[in-house]
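Residue numbers (the numbering used here): 5 to 167.
Even glycine gets a Cβ: it sits at the ideal position worked out from N, Cα and C.
These numbers were taken from a predicted model, which means no experiment stands behind them.
Structure record follows, encoded as structure tokens.
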């Protein structure tokens, strides 16, 4: 999976934050307007969206003379792929996974346990987290939309704090 540059990430954030998957997408002008604080030329935003389409990160659909853009995959799917790509960089995948598991918070560990257990039993993570009752609980919310950031995690004494 392609890593994103700063401007590509900003454009993708606009798409991920403002375009529901059921939407027809947004135009270059709408993306440029959402990035107004960056003072970007319309043609710059158009070029970035065109390159993202070439990378398979966005889908576009012709509407008259313009294109409408939307993310090809969710933010979570993109991040998961980046994590898998990082595991493929070399060395021991097992060691990297163990190191990662030791770095997550208790609630993140709960989410991972629920997802792994659900995968093993063939039950959706949300059903597993709620006991199959269909009611939305705190763990189910985290499985659906994890909100923790790297800054939220404690670091151990042997890990650099700025990682």
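Over the uninterrupted beta strand (DSSP E) stretch that includes residue 67, give me the two end residues.
Looking at the DSSP string, the run of the beta strand (DSSP E) that includes residue 67 is 62–67.
Mind checking who residue 30 pairs with in its DSSP beta bridge?
73
Closer than 8 angstroms by C-beta to residue 12: which residues in its own chain qualify, once you throw out the five before and the five after it? Chain order, please.
52, 55, 56 and 61
What does the alpha-carbon distance come out to for the pair residue 109 and residue 37?
37 angstroms
Do you know offhand how far residue 1's Cα is from residue 119's?
The question about residue 1 has no answer, for the chain in this structure spans 5 to 167.
Are three or more beta carbon pairs between the segment 66–85 and the segment 31–46 nearer than 8 angstroms?
yes
Taking 8 angstroms as the cut-off, decide whether the C-beta atoms of residue 204 and residue 63 are in contact.
Here the chain has residues from 5 to 167 only, and residue 204 is not among them.
Taking only runs that begin and end inside the segment 93–135, name each unbroken beta strand (DSSP E) of 3 or more residues, in chain order.
none
Quick one: residues in its chain with C-beta nearer than 8 angstroms to the C-beta of residue 27, no 5 flanking neighbours on either side, listed in chain order?
Excluding sequence neighbours, residue 27 sits near 74.
Starting from residue 183, trace the alpha helix (DSSP H) both ways and give me its first and last residue.
Since the first and last residues shown for the chain are 5 and 167, residue 183 lies out of range.
Could you check what DSSP says for residue 8 in three-state terms: helix, strand or coil?
coil
Around the Cβ of residue 101, are there at least 16 other Cβ atoms within 10 angstroms (buried) or fewer (exposed)?
exposed
Just the Cα atoms here: how many angstroms apart are residue 126 and residue 88?
21 angstroms
For the candidate residues 29, 24 and 123, whose alpha-carbon lies nearest to that of residue 65?
29
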